[in-house]
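K.L.:
My questions all concern the structure below.
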């Protein structure tokens, strides 16, 4: 048995999958259900997953698969060609993009690590100048002096 919100969310995900072929983002789900925060969506998604209606792939954005629909939604979907789950195969190794391969082959640069800065609140970086950090050469564009800061 699903709550009204769970049923509404499952229906919204199903319709978006049918229309776009891609599940909606958590922000889109939040807007559709008129919720104030994404934590409510997280709870609803977890409940749907625990009840076996959806499956999520870990560490992937929008990786939601509808496994089954409740009778209430199946009756409403009777006019369509039928329900076909869209399976996202997570066990198949993905091809490495050419850009990622280029990063692996790019020569590394040594940048001086000049100090630490605070994340969020700007503070003056204290120059260390003793340490260096290696980065792929493709991350630096143009000529000039480059340096690195450690964000705390």
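Residue numbers (my numbering): 461 to 612.
No residue lacks a Cβ here, since even glycine has one placed at the ideal position from N, Cα and C.
Comparing C-alpha positions only, which one of 481, 610, 595 sits nearest to residue 525?
P.N.:
Position 65 of the chain shown, counted from the start, is the residue given in the question as residue 525. Checked all of 481, 610, 595; the closest Cα to residue 525 is 481.
K.L.:
Hey, residue 571 and residue 519 are a contact pair by Cβ (cut 8 Å); roughly how many whole angstroms apart?
P.N.:
What you label residue 571 is simply residue 111 of the chain shown in a count that begins at 1. What you label residue 519 is simply residue 59 of the chain shown in a count that begins at 1. The pair is not a contact, with the Cβ atoms about 29 Å apart (cut-off 8 Å).
K.L.:
Could you give the first and the last residue of the continuous beta strand (DSSP E) run that contains residue 590?
P.N.:
Stepping through the chain shown from its first residue, residue 590 is reached at position 130. That residue, residue 590, is in no beta strand (DSSP E); it is neither H nor E in DSSP.
K.L.:
Using three-state DSSP, classify residue 602 as helix, strand or coil.
P.N.:
Reading the chain shown from its first residue, position 142 is the one you call residue 602. The answer is coil: DSSP assigns residue 602 none of H, G, I, E or B.
K.L.:
In whole angstroms, what separates the C-alpha of residue 476 from that of residue 575?
P.N.:
Here residue 476 corresponds to residue number 16 of the chain shown, with the count starting at 1. Here residue 575 corresponds to residue number 115 of the chain shown, with the count starting at 1. Taking the straight line joining both Cα atoms gives about 47 Å.
K.L.:
Measuring alpha carbon to alpha carbon, tell me which of 513, 594, 530 ends up nearest residue 568.
P.N.:
Here residue 568 refers to the residue found at position 108 of the chain shown. That would be 594, whose Cα lies nearest to the Cα of residue 568.
K.L.:
Keeping to the same chain, check which residues put their C-beta closer than 8 Å to that of residue 485; ignore five residues upstream and five downstream.
P.N.:
Walking along the chain shown from the start, residue 485 turns up at place 25. Here the set comprises 521, 522.
K.L.:
In angstroms, rounded to a whole number, what distance separates the CA positions of residue 611 and residue 502?
P.N.:
Translated into positions along the chain shown, residue 611 becomes position 151. Translated into positions along the chain shown, residue 502 becomes position 42. Between residue 611 and residue 502, the C-alpha separation is close to 29 Å.
K.L.:
Put residue 492 into one of helix, strand or coil per three-state DSSP.
P.N.:
Counting from one through the chain shown, the residue named residue 492 turns up at place 32. Note: residue 492 maps to helix in three-state DSSP.
K.L.:
Tell me the rounded alpha-carbon separation between residue 464 and residue 504.
P.N.:
Your numbering for residue 464 matches position 4 in the chain shown. Your numbering for residue 504 matches position 44 in the chain shown. If I take the Cα positions, the gap works out to 11 Å.
K.L.:
Leaving out five residues on either side along the sequence, give the residues of the same chain with a beta carbon under 6 Å from the beta carbon of residue 492.
P.N.:
Position 32 of the chain shown, counted from the first residue, corresponds to residue 492. Around residue 492: 472.
K.L.:
By the DSSP assignment, the beta strand (DSSP E) with residue 479 in it spans what residues?
P.N.:
Position 19 of the chain shown, counting from 1, holds the residue named residue 479. Unbroken run through residue 479 is the alpha helix (DSSP H), 464-480; no beta strand (DSSP E).
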